[in-house]
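J.: In this note's numbering, the protein residues as written are 93 to 545.
Every residue gets a Cβ at the ideal spot worked out from N, C-alpha and C, and that includes glycine.
Keep in mind that this is a model prediction, so the values were computed, not measured.
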Amino acid sequence: MEDAANDDVSDLETYLGESLELNFTTLKEQYASAAAPVTPWPGSYWPTYQDGINVQWKVGEDSPSSKYAQAFGLDPTDFMNNISAKTGIDSQKSRTACSANADCTSLNDSSVCGKRADAATGYCIPTWYGICHAWAPAALLEEEPQCNVVKNGVTFHVMDIKALISDIYDGSSIKTVFTGARFNGPDTPADMDQYGRYMNPARRDLGAGFFHLAISNLLGKHNVSFVLDVTASSSVWNQPVRSYNVKTMELVDAGEASMKYFGTETYPFNSEMLNLAYVKTTVSWVVEAYADGPLVSTGKVDKYTVSDDYEYLLELDANYAIIGGEWVNGSRTDHPDFLWFATAKPDASSVTDTGLSYANVEELLKLSWFSDYFSDFFGQWFNKYFNYFFSQCFGEYVNNFFGQYVGKYFSKCFEPCLNERFGWYNGKRFSELFYLDGWWREEQHWKCRELRQ
93 MEDAANDDVS
103 DLETYLGESL
113 ELNFTTLKEQ
123 YASAAAPVTP
133 WPGSYWPTYQ
143 DGINVQWKVG
153 EDSPSSKYAQ
163 AFGLDPTDFM
173 NNISAKTGID
183 SQKSRTACSA
193 NADCTSLNDS
203 SVCGKRADAA
213 TGYCIPTWYG
223 ICHAWAPAAL
233 LEEEPQCNVV
243 KNGVTFHVMD
253 IKALISDIYD
263 GSSIKTVFTG
273 ARFNGPDTPA
283 DMDQYGRYMN
293 PARRDLGAGF
303 FHLAISNLLG
313 KHNVSFVLDV
323 TASSSVWNQP
333 VRSYNVKTME
343 LVDAGEASMK
353 YFGTETYPFN
363 SEMLNLAYVK
373 TTVSWVVEAY
383 ADGPLVSTGK
393 VDKYTVSDDY
403 EYLLELDANY
413 AIIGGEWVNG
423 SRTDHPDFLW
433 FATAKPDASS
443 VTDTGLSYAN
453 VEELLKLSWF
463 SDYFSDFFGQ
473 WFNKYFNYFF
483 SQCFGEYVNN
493 FFGQYVGKYF
503 SKCFEPCLNE
513 RFGWYNGKRF
523 SELFYLDGWW
533 REEQHWKCRE
543 LRQ
């Protein structure tokens with residue numbers, strides 16, 4: 093395996109605390125497919141040319157950033173200016189000035205003219221610029237918001253809360269494990285060697301051998317979710333991976349494979365290869381979406397899940413351990429650029445340079461699991477004291493406040509907006525659990541459910 097890939101293997105082994113499983117047969121028989129333990133939720137990458145989370149995504153309402161400032165006592169104008177300077181249009185002041193998209197055409201980099209609200213001029217910004225690097229890990233580590241939340245008279249929709257969660261992950265210090273190397277361009281000319289492989293090592297990786305080891309060890313063996321930059325080009329599209337499935341994994345004759353894929357009688361690469369295998373793997377990931385409401389618990393996530401097939405050869409030693417690999421067919425130019433994952437959520441006390449507080453956003457997230465029907469049932473008192481009584485420690489606080497009976501059944505009674513992926517009750521939905529009788533169930537439970545349809 094190439095030196096860079098060996099370093100990547102070492103990084104994964106350090107994180108996992110054990111050596112990677114390298115054996116071809118073991119990986120084929122035990123880890124041929126796997127799904128993320130928690131399905132990642134679709135969300136926007138909050139494009140830079142739209143001014144990030146300053147965008148008014150819902151007609152007639154303020155942007156997520158403006159709502160946050162209003163609800164938590166910040167000056168909306170100052171806060172939105174900070175957002176724009178960090179992840180929005182004003183962060184691109186060094187780029188070409190413009191007043192219309194036509195001013196950006198000559199750049200040939202997918203740029204459009206990004207202008208702040210009510211501004212006559214702006215800057216040419218590639219449409220792929222955004223915070224997908226923040227949304228992707230957030231979608232894997234944070235629970236998906238479920239319902240609208242009213243905080244200090246400001247209504248936050250699910251999409252608003254997703255925006256704030258994503259921006260927190262951009263501005264917080266989060267530990268990650270990063271493998272592969274980002275290719276920064278230029279995309280053209282695409283210099284190729286005689287075998288149809290990219291000449292630039294950063295564009296050729298991830299290596300096929302490391303790719304297979306990473307996905308099968310991380311997700312297959314250890315249930316560790318990860319993010320892929322799914323394009324080998326200079327543009328970056330970080331996508332949270334949902335699953336993989338090895339469709340074909342079989343030993344092949346090295347000479348025949350060499351002639352078929354590289355036009356040579358003998359295998360032209362790794363001289364330590366003694367056995368060769370052909371593999372075809374389907375990888376599925378969740379894509380961006382400007383869609384409000386919960387998408388995982390409703391099954392709508394399937395609409396925002398895409399897949400690609402990757403074909404490659406695995407180089408094996410005498411003991412059938414994977415020691416390298418090569419992309420073949422269309423995957424030579426269409427394969428992931430890098431693979432990474434965050435190892436933890438932001439620190440509870442994190443506050444970004446823009447003034448966004450993780451504690452405040454986490455409060456909105458927790459409220460979104462309950463607040464729509466609880467607000468009607470308990471009124472403003474409940475919203476005010478929700479975190480004190482319920483979000484800190486369900487068992488202790490609820491038992492002491494409501495007594496043993498309610499403490500025992502609290503979460504079962506009030507579970508309708510919880511995502512089944514929490515696993516708190518073996519993945520069972522509200523309909524399978526304890527129900528309250530009478531008007532409350534009929535009048536209150538279905539209010540949140542209606543938002544999910």
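Is it buried or exposed for Met-291, if we count other Cβ within 10 angstroms and need 16 for buried?
T.: Burial call: exposed.
J.: Look at the Cβ atom of Ile-175, then the Cβ atom of Thr-140, and state whether they are nearer than 8 Å.
T.: It is not a contact, given that the beta carbons lie outside the stated cut-off.
J.: Contact defined as beta carbons within less than 8 Å: I believe Asp-100 pairs with Thr-271. What is the distance between those atoms, to the nearest angstrom?
T.: Going by Cβ atoms, the distance from Asp-100 to Thr-271 rounds to 4 Å, so yes, they are a contact pair.
J.: Taking only the alpha-carbon atoms, compute the straight-line gap between Ser-258 and Trp-220 and give it to the nearest angstrom.
T.: Going from the Cα of Ser-258 to the Cα of Trp-220 covers about 16 Å.
J.: Would you say Gly-417 and Leu-406 are within 8 Å of each other, going by their C-beta atoms?
T.: Yes. Within cutoff.
J.: Measuring only the C-alpha atoms, how far is Gly-206 from Trp-149?
T.: Their backbone Cα atoms lie some 15 Å apart in a straight line.
J.: Among the residues of its own chain, which have a CB less than 8 Å from the CB of Thr-188, if the five just before and after it don't count?
T.: Closer than 8 Å at Cβ, skipping near neighbours: Asp-195, Cys-196, Leu-199, Ser-203, Tyr-215 and Cys-216.
J.: Can you name, in chain order, every residue of its own chain whose Cβ lies under 8 Å from the Cβ of Glu-40, other than the five neighbours on each side?
T.: This structure leaves residue 40 out entirely; the chain is present only between 93 and 545.
J.: So within the stretch 349-406, which uninterrupted beta strand (DSSP E) runs reach at least 3 residues, ignoring any that extend past its ends?
T.: The qualifying runs are 367-378.
J.: Just grab the DSSP bridge partners of Val-344 for me.
T.: Leu-368, per the DSSP bridge assignment.
J.: In the DSSP output, which residue or residues are listed as bridge partners for Gly-416?
T.: According to DSSP, Gly-416 bridges with Glu-407.
J.: Flag Gln-331 as yes when its Cβ comes closer than 7 Å to any non-hydrogen atom of the ligand GDP, and as no otherwise.
T.: The ligand GDP is not among the ligands present in this structure, which contains no ligands whatsoever.
J.: Please return the same chain residues whose Cβ sits closer than 6 Å to the Cβ of Asn-193, not counting the five positions on each side in sequence.
T.: Val-204 and Cys-205, listed in sequence order.
J.: With burial defined as no fewer than 16 other Cβ atoms inside 10 Å of the residue's Cβ, what is the status of Glu-342: buried or exposed?
T.: Exposed, because fewer than 16 other Cβ atoms sit within 10 Å of the Cβ of Glu-342.
J.: Going by alpha carbons, who is nearest to Thr-435 out of Asn-98, Leu-108 and Ser-102?
T.: Checked all of Asn-98, Leu-108 and Ser-102; the closest Cα to Thr-435 is Leu-108.
J.: Give me the Cα-Cα distance between Glu-113 and Asp-400, rounded to the nearest whole angstrom.
T.: Taking the straight line from one Cα to the other gives about 24 Å.
J.: Tell me, please, whether the stretch 163-179 touches the stretch 425-434 by the rule of three or more beta-carbon pairs shorter than 8 Å.
T.: The stretch 163-179, when compared against the stretch 425-434, does not touch it at the 8 Å Cβ threshold.
J.: Would you call Gln-122 buried or exposed, if buried means 16 or more other Cβ atoms sit within 10 Å of its Cβ?
T.: Exposed, by the Cβ-count rule.
J.: By Cβ distance below 6 Å, which residues in the same chain neighbour Trp-227 in space, the five residues on each side in sequence not counted?
T.: Result list for Trp-227: Gly-135, Tyr-137 and Ser-258, in chain order.
J.: Taking only the alpha-carbon atoms, compute the straight-line gap between Lys-395 and Cys-224 and give it to the nearest angstrom.
T.: Roughly 19 Å separates the two Cα atoms.
J.: Could you give the first and the last residue of the continuous alpha helix (DSSP H) run that contains Ile-260?
T.: Residues 250-263.
J.: Could you compute how far the alpha carbon of Thr-179 sits from the alpha carbon of Ile-145?
T.: So the alpha carbons of these two residues sit roughly 8 Å apart.
J.: If you reduce the DSSP assignment to three classes, tell me which class Cys-239 lands in.
T.: If DSSP states are grouped into helix, strand and coil, Cys-239 belongs with coil.
J.: Apply the 10 Å Cβ neighbour rule to Glu-403 and answer buried if 16 or more other Cβ atoms are within range, or exposed otherwise.
T.: By the neighbour-count rule (16 or more Cβ atoms within 10 Å), Glu-403 is buried.
J.: If you draw a straight line from the alpha carbon of Asp-103 to that of Gly-263, how long is it in whole angstroms?
T.: Straight-line Cα distance between these residues: approximately 24 Å.
J.: Less than 8 Å between the beta carbons of Val-338 and Gln-331, yes or no?
T.: No; because the gap between Cβ atoms is not below 8 Å, this pair is not in contact.
J.: Classify Pro-156 as helix, strand or coil using the three-state DSSP reduction.
T.: Here Pro-156 sits in helix by DSSP.
J.: I'd like the list of long-range same chain contacts for Thr-106, defined as Cβ closer than 6 Å, with 5 residues on each side in sequence excluded.
T.: So the list is empty, once near-sequence residues are dropped.
J.: For Ile-260 and Leu-119, which I take to be in contact (beta-carbon distance under 8 Å), what is that distance rounded to the nearest angstrom?
T.: Ile-260 to Leu-119, Cβ: 36 Å. No contact.
J.: Within 10 angstroms of its Cβ, does Pro-218 collect 16 or more other Cβ (buried), or is it exposed?
T.: Buried, since its Cβ has 16 or more Cβ neighbours within 10 Å.
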